[in-house]
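Visitor: With the UniProt record's numbering, the residue at position 109 of the sequence shown is 109, and numbering never jumps.
Every residue, glycine too, gets a C-beta built ideally from N, C-alpha and C.
All figures in this text were calculated on a predicted structure; none of them were measured in a lab.
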Amino acid sequence: MVDGGGESSAADGLSTEEWLSCAQGLVPRALGKAREVKGFPGRWKMIISKLEQVPSRLSDLSSHPCFSRNALCKEQLQAVSKTLNDVIQFADLCVKEKYEGKLQMQSDLDALAGKLDLNLRDCGLLIKTGVLGEVSFSSAAASSCAEPEAAVHGNLKELLARLQIGHLEAKHKALDSLLEVMKEDEKNVLAVIGRSNIGALVHLLTATSPRIREKTVTVICSLAESGSCENWLVSEGVLPPLIRLVESGSNVGKEKATIALQRLSMSSETARSIVGHGGVRPLTDICHTGDSVSQSAAACTLKNISAVPEARQALAEEGIVKVMINLLDCGILLGSKEYAAECLQNLTSSNDDLKRSVISEGGIRSLLVHLDGPLPQESAVGALRNLVGLVSSEVLIWLGLLPRLLHVLKSGSIGAQQAAAAAICRICTSAEMKRSVGEAGCIQLLVKMMESKANSAREVAAQAVASLMTLSHNCRLVKRDDKSVPNMVALLDPSPHNTAKKYAISCLTLLSSSKKCKKLMISYGAIGYLKKLSEMDLAGAKKLLERLERGKLKTLFSRK
1 MVDGGGESSA
11 ADGLSTEEWL
21 SCAQGLVPRA
31 LGKAREVKGF
41 PGRWKMIISK
51 LEQVPSRLSD
61 LSSHPCFSRN
71 ALCKEQLQAV
81 SKTLNDVIQF
91 ADLCVKEKYE
101 GKLQMQSDLD
111 ALAGKLDLNL
121 RDCGLLIKTG
131 VLGEVSFSSA
141 AASSCAEPEA
151 AVHGNLKELL
161 ARLQIGHLEA
171 KHKALDSLLE
181 VMKEDEKNVL
191 AVIGRSNIGA
201 LVHLLTATSP
211 RIREKTVTVI
221 CSLAESGSCE
231 NWLVSEGVLP
241 PLIRLVESGS
251 NVGKEKATIA
261 LQRLSMSSET
271 ARSIVGHGGV
281 RPLTDICHTG
291 DSVSQSAAAC
301 TLKNISAVPE
311 ARQALAEEGI
321 VKVMINLLDC
331 GILLGSKEYA
341 AECLQNLTSS
351 NDDLKRSVIS
361 EGGIRSLLVH
371 LDGPLPQESA
381 VGALRNLVGL
391 VSSEVLIWLG
401 LLPRLLHVLK
411 SGSIGAQQAA
421 AAAICRICTS
431 AEMKRSVGEA
441 GCIQLLVKMM
451 ESKANSAREV
461 AAQAVASLMT
471 LSHNCRLVKR
481 DDKSVPNMVA
491 LLDPSPHNTA
501 KKYAISCLTL
511 LSSSKKCKKL
521 MISYGAIGYL
531 KKLSEMDLAG
541 AKKLLERLER
551 GKLKTLFSRK
């Protein structure tokens, strides 16, 4: 029998069964020595109570079918043996009163109780979590299988198991190995990682060692970005420690934690939880002080949260409007500016108080300046569309809204063009503004937009043109466009997915006073469409049909 914790060369060659025998022999010696101690009675009573639990844990461990085939068992028995030897040594010191100082000994005994706790916990984990059987099975399969992938999976499962047992330094080494593996072979790591491994990683986020926290959050960031572990991460409680790292971690820790939150916040339920755990304030702070990557990730996370209507008030209370306008003006990366525009669009989608807040903080000017940049304009135009109804036409013209809308209609994405057309619908509340929009050159672009493949784009373009045409000056501009009548007639298509037909009827009705336009409508098949729409009782269809049919009869009689 080796009387030691694996220090001697003889101990290195012991089998798992021999280490079990060693540990079982040390337990009664440790208990006997501990009961002889008279000093520090409270601490030794706690140590004795933990020692009394060791035999049953060793029995559970040794009765597992995979006991002798698993390296983790041997390592665990070595750790238990070392702790038991420590108990014997400290008991001798206390009995002989040969310690340096009372406070130091109290601290040493507390650390000793912590080691016993860890040993008991790790023995339990090896049994309860299935780590022991899982690792043994995968290792056995790997050794008997010619497939390299089986060997890789076996090694990975053992590595992941090491995150759950042992002292912090051992887990630190396991994290180093895991990070190396993930750099080369993240796919295989994702294939074998289980919920218990995720739970162990989340637990390490609260470790006392800053180095361990930093490496752990790097692993968790990769897992979150993979898109395959979000539910496990959240259910294992990853949000509070991630938020604390954003708040007070190292630069690397803040960056990785913020990126992880960015990915997790794509779920509306998780976005609400981030708010509930107090995550908004640290994220807004990162928008002010973080480096470029952290700032962009924080802005995206806040944008994701702003997509949840019930979270917007909490964002407003943390000053989100000022933060996003500042990012729109001064964001380090172009992506941060775009996230800020999207966030403002979400915030102003329905809440008038938030709309007024954006306006009062100078948000309209910042959004307009953003339109002059190289980024996609859809979100900025969408935010402007939400705001224009609360601002006078004179102010909008003075700020230069119309040239920017014209630019978007000419060269923006289809989404940006839709938002621009919707903005035009909202600002055209007066004859003066309608004339300004017409003179700016928007009508021809809106008519062309009616040819879009996207039904929503055709609808909003037709709606904008119908609104503008109520001014006779604009109606004449529409008549001059050769594409207007054919495009509008095409929008009379009675199919259910065509939601632009009611606006097309309004536009064509305004043009039907022109003989030339009526002839064009008839030649492009408007009567056939209108007959079907009349049967559907669509407003204005029957009246327009009668006008066209009267015109057709007059033409027929004049020919005769």
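1) Do you know how far the Cα of L328 is from the Cα of T509?
2) Where does D482 fall in DSSP's three states?
3) So, with DSSP's three-state summary, where would you put H167?
4) Report the option in E180, L445, N386 and T470 whose CA atom is closest to the CA atom of L406.
5) Determine the direct distance from the alpha carbon of A174 to that of D86, and round the result to whole angstroms.
6) Between the C-alpha atoms of R121 and L233, what's the straight-line distance to the nearest angstrom?
7) Would you mind reading off the limits of the alpha helix (DSSP H) that contains A383?
8) Could you pull out every residue in the same chain whose Cβ sits closer than 6 Å to the Cβ of Y503, ignoring the five residues on either side in sequence?
9) Would you mind working out which of V485, A454 and K542 sits nearest I522, comparing C-alpha positions?
10) With the cut-off set at 7 Å, would you say L204 and L178 are in Cβ contact?
11) Give me the residue from S456, V478, R476 and L468 with the minimum Cα distance to P496.
12) Leaving out the 5 sequence neighbours to the left and right, which residues in its chain are closer than 6 Å to S366 when beta-carbon positions are compared?
13) For V388 and chain C, any beta-carbon pair shorter than 7 Å?
14) Taking the alpha-carbon positions, what's the A316 to K453 distance?
15) So, are the CB atoms of R195 and E225 less than 7 Å apart?
16) Could you tell me the boundaries of the alpha helix (DSSP H) in which G42 lies?
17) Once you ignore the five residues that flank N474 on each side, which residues in its own chain have a CB closer than 7 Å to its CB?
18) With DSSP collapsed to three states, give me the class of K355.
19) Report yes if the C-beta distance between A416 and V447 is below 7 Å; otherwise report no.
20) Could you spell out where the alpha helix (DSSP H) holding R458 opens and where it closes?
21) Please go through the segment 302 to 336 and give each complete beta strand (DSSP E) segment of 3 or more residues, from N-terminal end onward.
22) Taking just the CA atoms, how far does R476 sit from A431?
23) Tell me the rounded alpha-carbon separation between S472 and A526.
24) Any idea what DSSP makes of K531, helix, strand or coil?
25) Spatial neighbours of V37 within its chain, please: C-beta separation below 6 Å, excluding the five flanking residues on both sides.
26) Sorted by chain position, which residues of the same chain lie with C-beta nearer than 6 Å to L51's C-beta, five sequence neighbours on each side aside?
27) Among C221, V192 and A111, which one has its Cα closest to the Cα of H167?
28) Just the C-alpha distance for E214 and Q295, rounded to the nearest angstrom, thanks.
29) Candidates S56, E97, I88 and S514: which alpha carbon is nearest I127's?
30) Looking at S413 and E459, is the spacing between their C-beta atoms short of 7 Å?
31) Under the three-state reduction of DSSP, which class applies to R211: helix, strand or coil?
32) Taking C-alpha atoms, which residue in C300, Q24, I48 and A500 lies nearest to E255?
33) In three-state terms, what does DSSP make of L84?
34) Going by beta-carbon coordinates alone, are M182 and S235 separated by less than 7 Å?
35) Return the first residue and the last residue of the alpha helix (DSSP H) that D285 is part of.
Guide: Result, derived from the coordinates:
1) 44 Å
2) coil
3) coil
4) L445
5) 25 Å
6) 22 Å
7) E378 to L387
8) A462, Q463 and A466
9) V485
10) no
11) S456
12) I325, L328 and D329
13) Any reference to chain C falls outside this structure, which holds one protein chain only.
14) 38 Å
15) no
16) P41 to L51
17) K434, G438, I443 and L468
18) helix
19) no
20) N455 to L468
21) none
22) 15 Å
23) 23 Å
24) helix
25) W44, A91, C94 and V95
26) A30 and L31
27) A111
28) 18 Å
29) S56
30) no
31) helix
32) C300
33) helix
34) no
35) V280 to T289
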